[in-house]
Amino acid sequence: MSKETPILAVENLVMHYTTRKGDVSAIDGVTFSLEKGHSLGLVGESGCGKTSIAFSLMRLLPDNAKIKQGSIFIDGEDIITMSYDQLLKFRWRKIAMVFQAAMNALNPVYTVGDQIVEALDLHDMIKNKAEAEERVAELFELVGLDPALMHRYPHEFSGGMRQRAVIAMALSCEPDIIIADEPTTALDVIVQDRILREMKKIQQKLGMSMIYISHDIAVIAEVSDHIGVMYAGRMAELASGVDIFERPLHPYTYALMRAFPSIKGEKHDLTTLPGEPPDLLYPPTGCRFHPRCPFATDICKEKQPPFENVGGEHYVACWHPMEVHNDHH
Amino acid sequence: MNNTAHTTSSAPTSLWKMRLRLMRKSLKTGWDIFKENPVGMVGLVIIVFFALLAILHPILMATVWDPGTYDPITGYDFKTLIHPSPPSWLPQPDNPMYKPSFRHILGTDPLGRDVLSQLMYSTRSEFLLGVGAALVTVLIATTVGAVSAYYGGLIDILFMRMADVMMMLPFIAILIVLSSLFQFKMIHLAIVYGILAGFGGTTIVIKSQALTIKVKSYIEAARIAGGGDGHIIFTHLVPNLLPLSFLYMMFTVTGAIFSEAVLSFFGLLDIRMSWGLMIQTAQAAGYLLNSWKYWYLMFPAGLSITLLCAAFYLVGRAMDEVVNPRLRKR
Amino acid sequence: MGKYILQRLGQILVTLFVFQTLLFVILTAMPGDVTNRMLTNPDIPPEVRERTRQALGLDDPVLVQYGRWFQNFITGNLGVSYSEYPTPVIEILEERIPRTMVLFLAATIVQFVVGFSMGRALAWQRGGFFEYGSTIVGVTLYTVFTPWFALMMIFIFGARLHWLPLGKFLTPILWRKVDIPGMSDSLTKANYVFTRMLWTATAAFVIWLIMAYFTRNLSHTKRNRTRLIATVIILAVSIGGWAMVDIGPLAWDITKHMILPIVTLTLVGFAGTMLMTRQTMLETLREDYIQTARAKGLPEKLVRDKHAARNALLPVFTGLIISLPSVISGGIITETVFSWPGMGLTLLNATTQEDIPLVMGTLSFIGVLSLLAHLVADITYAFLDPRIRYS
Amino acid sequence: MLSKKWLVLAGLLVVVGILFTACQPKTVVETVVVTVEKEGTPIVITATPAPTEEATPEPTGETEKVGGPGDVYRIAVLSDMTTQNVWAAYDPDASIWNYAVYGSKWPSAYGLSTHRWDFVPGIAADNPSDLEQEGDFWVCTVPLRDDVKWSDGTPITAEDWAWTAQTVLTLDLSGNWEAYDGDYLDHIEAVDAHTAKLYYHTKPGLARHQYGVLMSPILNKAFWEPKVAPLLDEYAAIADMDHDSDDFQAKREAIVQKLYQLDPTGEPSGGAWQFSQWEKGAYSEISAVDSYYDKGLKVTEYANGALKEAWPGGREWGFGDQSGDVSAEYTEGPWFNSVVFSIYNADAALLALEAGEVDFILTPNGLSRGQVDQVSGNPGISTAQNPANGFRYMAFNFNVKPLDDIAVRQAIDCMIDKTFLTQNLLQGAAIPVNTIVPEGNSYWYNPNVPLFCDGLSAKDRLEKAVGMLKDAGYTWDKEPTWNESRGGSVDWGEGMKMPDGSPVPQMELLAPSAGYDPLRATAGVYIEQWINQLGIPCKANLTNFNNILDAVFGGGDWDMYILGWGVSAFPDYACDFFYTDAGFNVGHYSNPTFDKMCDEFYAETDMEKARDESFKIQETLATELPYIYLFTTPMWDAWDNNTVIYPFTDINDGIGSGGYGLQNYVQAVQ
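Line by line, the protein sequences are chains A, B, C and D.
At position 217 of the first sequence (counting the first as 1) the number is 217 in our numbering, and the numbers step up by one without a gap.
At position 315 of the second sequence (counting the first as 1) the number is 315 in our numbering, and the numbers step up by one without a gap.
At position 130 of the third sequence (counting the first as 1) the number is 130 in our numbering, and the numbers step up by one without a gap.
At position 366 of the fourth sequence (counting the first as 1) the number is 366 in our numbering, and the numbers step up by one without a gap.
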């Protein structure tokens with residue numbers, strides 16, 4: 001990645017949740033950046049910290065979450081040090097989000113149109129009601145919804161329609177970045193595919209940057225330029241989509257790919273990883289993947305592997321990346 | 001899973017043992033969460049305090065307190081008789097009640113009975129009333145809720161309609177009518193209150209909880225393993241409803257004690273002594289207005305009602321956070 | 001929605017039937033009857049008691065009495081009060097219902113507003129002084145021994161500070177001099193004024209609703225401003241109108257007498273609404289659309305008031321409406337202490353005097369009111385929740 | 001957050017401040033100055049001793065609006081009146097709340113004097129003639145005054161009386177209308193406008209004549225006749241039916257109901273007050289009748305029992321030896337323009353009295369001791385105490401052995417220490433009673449009835465009671481004994497046997513629960529102990545008042561109970577309670593001698609002789625003890641001495657319950 005003008009730059013982000021039992025290290029030193037017009041996919045098992053990253057980017061973390069260090073630059077501004085009022089202007093205008101459960105992301109007591117208008121109104125995107133309706137209609141058409149539906153309530157929409165409405169809402173203020181957090185989990189496969197394609201199309205059309213978050217690497221691969229694989233609060237591997245698929249260097253990436261059928265139709269043995277993701281209250285020492293890693297050695301237990309560029313914008317955090325490669329071929 | 005079901009039907013004792021162990025564990029976790037809520041702890045401390053008072057009364061009566069003088073209902077301090085010109089701590093001609101003193105720590109009521117003794121004696125009946133009503137409520141609500149959720153259909157409709165009627169009944173009004181028309185003693189009040197609360201709102205809450213449990217896999221497993229309906233309801237459904245039931249017990253206790261006080265205040269209950277009756281006695285003798293001067297006639301009983309009701313309520317609320325994780329702080 | 005309401009209406013009629021039957025069973029099963037009162041009067045020979053029993057039909061078979069009771073209930077003939085013989089029960093109820101309604105509607109609204117706002121704030125301030133302080137104060141007031149508390153309120157604000165009147169609902173010395181021309185003889189002056197106050201309030205509310213309906217499409221800030229102005233105008237017009245008519249001072253007198261009961265009822269009751277609001281708010285705050293609203297850049301206050309509170313309002317509001325009958329019956333205490341001659345006091349007196357028709361009438365009224373409240377709750381819920389409205 | 005904390009803190013401070021201000025002990029105000037505006041001139045009314053410069057804090061707004069002294073007499077009542085209709089008021093709605101408001105609206109030929117309950121003329125000009133036999137009838141002629149007028153100016157005539165009696169007799173009205181008793185009275189004839197002649201078909205006693213017809217209310221014929229006539233016609237249509245049939249009863253009841261519902265608006269008053277307005281649930285008001293015929297009537301009572309009435313016009317009436325010490329002297333009003341009855345509950349009423357919102361509190365049972373205590377330190381409020389006109393008693397069921405044995409009853413009576421019960425146990429909240437006629441009813445009260453064990457110590461009582469039982473043949477397995485240890489107590493008797501050798505069965509003593517009446521409940525619990533001490537197994541059952549009524553009067557099973565009676569002025573109730581098989585004789589007391597005494601008493605027409613007979617009846621009852629009389633309660637009244645004064649406050653049953661607030665006599669403080 002070229003370092004000139006990344007629209008988003010996350011550097012060494014560390015975030016903890018305070019709980020009764022102690023601190024949960026949810027994000028531990030994550031670094032990545034995203035250029036304008038590009039898309040990044042974040043993938044990993046649930047609880048690996050990908051959603052925490054998304055919420056950090058919006059600074060929507062719950063009260064007990066604390067960003068310990070690191071910085072998040074969006075369009076050159078650090079949102080971590082930003083004042084609350086500034087932040088309010090920043091949200092949705094610069095960075096919007098399509099939430100995990102689109103089903104519930106819409107307030108049931110307001111019409112879908114009203115909820116979009118609310119965002120538009122808040123960010124002074126519109127002057128009057130007529131303009132608002134026009135804009136909503138435009139957005140609806142963009143995401144493939146009948147504009148006449150804007151006066152309907154969420155419960156009158158089907159799952160796919162709601163997802164589109166949520167996307168339309170995310171698009172409403174023409175943000176620089178859209179985070180799509182598991183945007184299609186709850187939908188059936190055909191609708192899933194169609195929506196993803198359309199999102200990609202819109203993204204390219206509007207020239208926005210996009211962050212996709214999913215536990216399904218195949219879905220991510222479809223739409224992302226780059227893919228970041230996360231494990232237990234850390235970035236395990238970050239590379240272009242092709243590199244990840246062709247040349248996975250981290251054993252976890254490898255295992256993940258085996259866990260999902262490829263959308264390209266290639267057949268893999270569906271092996272599952274042994275063990276459970278670690279309890280982040282007591283994260284493993286060294287490489288956090290070592291308890292489940294078949295290639296783990298002593299150093300893996302003792303020292304945290306650096307997140308290094310192994311060439312060609314391919315980053316990995318593993319003491320033994322080659323062994324993975326060898327095994328794969 | 002089949003295995004579990006098998007164990008269930010063949011060796012229920014071991015299942016219960018397991019469940020007990022689990023229960024102890026979840027109690028401990030619950031207690032850990034509960035401990036963190038200062039409001040809940042305040043409530044608990046108050047309840048323990050009153051429980052001690054209740055236990056202490058028969059002990060005091062058997063040891064230091066002479067029954068003739070300190071009996072809460074018939075007690076009378078004959079010291080008054082032997083003093084032609086009583087010292088200041090004894091009843092005066094213009095004020096026949098004992099003021100609080102070492103002899104009568106909270107003074108005596110307008111009929112010359114020791115207030116502290118009455119207070120402690122009543123504590124026991126209040127506890128019995130509250131817990132009795134709560135038990136009836138829980139028994140009814142849990143059974144009805146579980147049965148209603150498990151069978152659904154006509155039974156469910158019937159019970160839910162009934163719950164509607166019960167919720168519609170204005171409690172205090174109904175209790176006033178009932179207690180004045182039938183001679184209510186504490187036990188009757190406990191049962192009637194328990195029934196009213198049990199068939200009403202509590203059932204609806206318990207039923208909806210039971211519905212979520214009903215679809216859990218172990219219920220299905222038990223059914224496949226050939227467990228009878230009754231068996232499933234009482235060994236699988238009901239135990240899982242108990243935490244919630246216990247929570248609603250707390251609120252029932254509050255309601256029952258409060259109702260007793262109000263009914264006694266209106267002189268509608270057929271009982272010999274209670275907090276409400278203590279206030280009623282003071283009120284009937286006209287001392288309620290003079291609450292500042294004769295504070296010992298009103299405040300001990302009044303505060304006890306408030307404190308104990310509030311204590312159970314607060315404990316209930318704190319337990320709510322244990323039972324209902326959604327309310328917890330993250 | 002029509003079908004939904006019809007269905008609810010059907011259910012409610014069935015419930016009413018069950019309720020009425022239950023009432024009859026309870027009241028028939030009780031020991032003794034009205035003629036017991038004659039026992040204590042040495043001047044009344046036992047034959048007279050027997051004659052009265054016959055005349056009142058108390059010796060008829062239970063089923064006959066049941067049938068008669070039902071027929072009477074449906075035809076609105078609630079019988080004749082024993083304690084105010086032979087005043088028809090319905091007349092007594094008609095006289096007292098407005099007073100109870102005025103007091104308790106006002107108290108309920110105030111209590112709801114206070115409780116809801118406090119609960120809303122509480123949900124946002126977890127932990128710390130404010131939460132524990134208000135919870136403890138709220139719960140203490142919620143469980144305080146109401147009769148004594150109400151009496152102390154009178155004692156402090158009425159007798160000692162002389163700020164407010166000592167109970168009753170009007171000042172006889174003021175009212176006795178006022179003649180209301182054109183008032184029908186069957187009405188008392190107080191009810192004349194009460195009814196008009198109720199109508200004014202209803203009219204103002206309806207106008208406000210219409211206004212709210214027409215302003216619903218305005219943008220948020222504009223809508224708030226418009227509604228505020230409109231509310232002030234509506235209030236000003238209604239109060240101004242009352243100030244100009246002759247019976248204005250009477251209405252003001254009643255209002256003054258209402259303050260203390262309302263404050264008392266609010267203090268002892270707001271905690272319920274407050275804690276319920278807090279709970280539903282906490283649950284609502286976990287919903288995804290709250291995150292959405294925040295992500296959109298809405299300030300916390302708006303997230304709370306427009307999104308979270310609006311959704312939390314649904315269960316709290318229905319809970320409140322459903323509790324309305326118990327508020328009225330709970331008002332027995334308040335009415336007794338404040339010498340407020342409403343339904344609660346009527347029920348208590350009727351009960352102690354074994355005035356069975358009046359007890360039945362009062363309870364029936366509370367039942368009917370309760371059912372109406374359920375219906376209103378259902379309809380309102382349907383309006384507040386589009387998920388029901390459009391299905 | 002910080003600001004919120006401050007806000008809460010400030011709120012708390014305000015609350016504490018208010019409480020502090022409110023709870024400060026009342027400073028004793030030596031002088032109360034009430035400034036009242038009247039016709040522009042400020043009038044300063046002061047109570048003792050002298051006005052000070054300092055103005056006391058403004059009382060509530062309500063006092064300001066009073067027009068001035070003599071304008072409104074403000075009475076706090078605890079319950080609303082229930083009807084304006086006189087027909088209903090004297091039957092189903094007979095209550096203090098109705099009588100207090102308009103009890104003086106309807107005149108009667110004679111009445112009881114307010115103060116001493118003397119038999120005095122109302123609208124009668126003089127004493128009634130003696131009863132004489134005239135054909136089949138016993139007749140009595142009553143001369144009526146010619147100066148008595150309804151408030152509309154028309155005279156009150158014998159016609160009115162005759163018509164009233166006729167209507168009541170025809171419709172056979174019950175309740176207090178029974179005073180026109182059809183079993184005795186045939187009709188009243190208006191000989192001329194001012195002479196009425198009473199025709200009895202059976203010779204009436206005092207109860208039916210003097211205390212009956214002669215004291216019964218007289219209604220305005222001109223006003224009522226057109227309204228009642230259709231009902232009388234309706235009645236005439238069914239009069240021939242079998243009077244015992246349900247059908248007839250239902251039809252009659254329907255007619256009576258219509259009568260009770262007739263609109264009385266505009267009915268002229270025949271007394272000192274006329275009805276002015278009724279705001280249901282709030283207050284009612286009566287206003288003075290300017291032309292009241294007894295206004296200015298001066299009553300002089302002599303210590304020897306004589307009485308003189310003198311009207312401003314020079315008319316005089318009296319009895320007895322009108323010389324010697326004058327015990328009381330007062331002039332009838334009304335002295336106020338109107339009386340307003342405002343409804344409060346008992347506690348708020350007291351606050352209202354203290355705040356100067358009302359002048360007097362009218363309660364049926366008097367103020368409670370705590371309330372008296374509350375106002376006792378208030379120099380602006382005066383109180384008075386009178387014994388209640390009634391008694392609380394314990395009754396025995398003569399169908400239950402051994403309660404039918406006079407020895408057992410006397411022994412129990414002996415054990416009951418009334419002085420201890422009333423003075424120590426009930427701490428002065430009760431006054432002991434020894435006979436069926438309350439002390440306050442001085443003419444009929446027998447002060448010398450036999451008492452058992454009066455004034456004895458607990459030890460002596462026990463020994464005497466045991467002695468009585470032994471004499472009657474009772475035995476014990478273990479005799480009750482006095483035990484000197486523990487400061488003196490009783491070792492309960494055990495295994496008590498009746499003279500026939502069978503064991504004394506378990507007894508139940510029904511008493512009202514403490515919630516209903518703590519006095520009787522406490523008495524019940526103590527009497528239970530005393531009875532048990534004797535070895536008679538007894539359990540006090542403190543229960544709902546109605547349950548006792550049901551058990552006792554509903555023909556239930558009972559042994560003993562404690563209840564109370566409020567009684568009338570004429571003591572024929574003593575016979576009503578205990579005449580063999582009388583309706584109220586639920587204990588089945590039966591004594592032919594007593595019945596004979598009652599027969600005589602019922603038939604007696606001479607006041608003096610009736611008194612002697614009543615004394616004998618009282619003695620018999622105090623010996624036979626079908627009831628043990630326990631105590632009566634004192635009636636406390638309180639009034640604002642800055643605004644009103646009463647010519648007398650010693651009145652049987654109290655100023656409120658007995659005198660309805662003395663509306664005709666109360667005067668404004670000048």
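Glycine residues also receive a C-beta, built at the ideal position from the N, C-alpha and C atoms.
As assigned by DSSP and simplified to three states, the class of residue i
{"i": "P57(D)", "result": "Below a pLDDT of 50, predicted positions are generally treated as unreliable, and P57(D), at 37, falls in that range; no measurement from the model is reported."}
{"i": "R135(A)", "result": "helix"}
{"i": "D243(A)", "result": "helix"}
{"i": "P155(D)", "result": "strand"}
{"i": "E354(C)", "result": "coil"}
{"i": "K50(A)", "result": "helix"}
{"i": "G111(D)", "result": "strand"}
{"i": "T87(C)", "result": "coil"}
{"i": "F137(D)", "result": "strand"}
Length of the line joining the Cα atoms of residue i and residue j
{"i": "V337(C)", "j": "P147(C)", "result": "7 Å"}
{"i": "G331(C)", "j": "L345(C)", "result": "8 Å"}
{"i": "R103(B)", "j": "V316(C)", "result": "51 Å"}
{"i": "T114(D)", "j": "G314(D)", "result": "22 Å"}
{"i": "D288(C)", "j": "T140(C)", "result": "35 Å"}
{"i": "Q69(A)", "j": "V109(A)", "result": "39 Å"}
Contact belief for residue i with residue j at Cβ below 8 Å, rounded distance in angstroms
{"i": "F90(A)", "j": "M82(A)", "result": "7 Å"}
{"i": "Y393(D)", "j": "Y627(D)", "result": "4 Å"}
{"i": "T28(C)", "j": "S180(B)", "result": "No, T28(C) and S180(B) are not in contact; Cβ-Cβ is about 15 Å, not under 8 Å."}
Residue i, enclosing alpha helix (DSSP H) - first and last residue
{"i": "V268(C)", "result": "248 to 284"}
{"i": "V77(D)", "result": "Segment 72 to 77 is the beta strand (DSSP E) holding V77(D); no alpha helix (DSSP H) there."}
{"i": "C414(D)", "result": "406 to 415"}
{"i": "M249(B)", "result": "238 to 265"}
Start and end residues, beta strand (DSSP E) containing residue i
{"i": "Q277(D)", "result": "273 to 279"}
Give, in chain order, every residue of the region 256 to 284 of chain C whose Cβ lies closer than 8 Å to some Cβ of chain B.
L275, Q279, L282, E283
Closer than 8 Å between beta carbons: that is the criterion. Which residues of the region 368 to 391 of chain C meet it against chain B?
S370, L371, H374
Can you pull out the residues from the region 1 to 30 of chain A whose beta carbon lies closer than 7 Å to at least one beta carbon of chain C?
none
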